[in-house]
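Each remark here refers to the structure printed beneath this line.
In the UniProt record's numbering, the protein residues as written are 1 to 65.
Right, dumping it as structure tokens:
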């Protein structure tokens with residue numbers, strides 16, 4: 001559960017940082033770096049959601065008939 005919270009918090013920090021950097025840079029070469037931050041933040045948020053779903057409905061357990 002801790003890894004879910006850490007992934008979500010880091011994802012939100014990267015996402016907000018990417019938005020701030022993108023707003024400040026405009027159409028510049030630095031915008032590519034901001035896009036990478038946005039993508040990394042989004043990926044971490046999706047990872048946190050996947051960890052949360054796996055916590056409540058684990059796919060590693062075998063289903064018995």
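All C-beta atoms, glycine included, are put in the ideal place defined by N, C-alpha and C. As the structure is a prediction and not an experimental result, all values here were calculated from the model.
Here residue 44 is buried, its C-beta having at least 16 other C-beta atoms within 10 Å.
Residue 14 counts as buried, since no fewer than 16 other beta carbons sit within 10 angstroms of its beta carbon. Note on geometry: alpha-carbon atoms of residue 51 and residue 2 lie some 10 Å from one another.
DSSP places residue 54 inside the alpha helix (DSSP H), whose first and last residues are 30 to 56. At least 8 Å separates the beta-carbon of residue 18 from that of residue 48.
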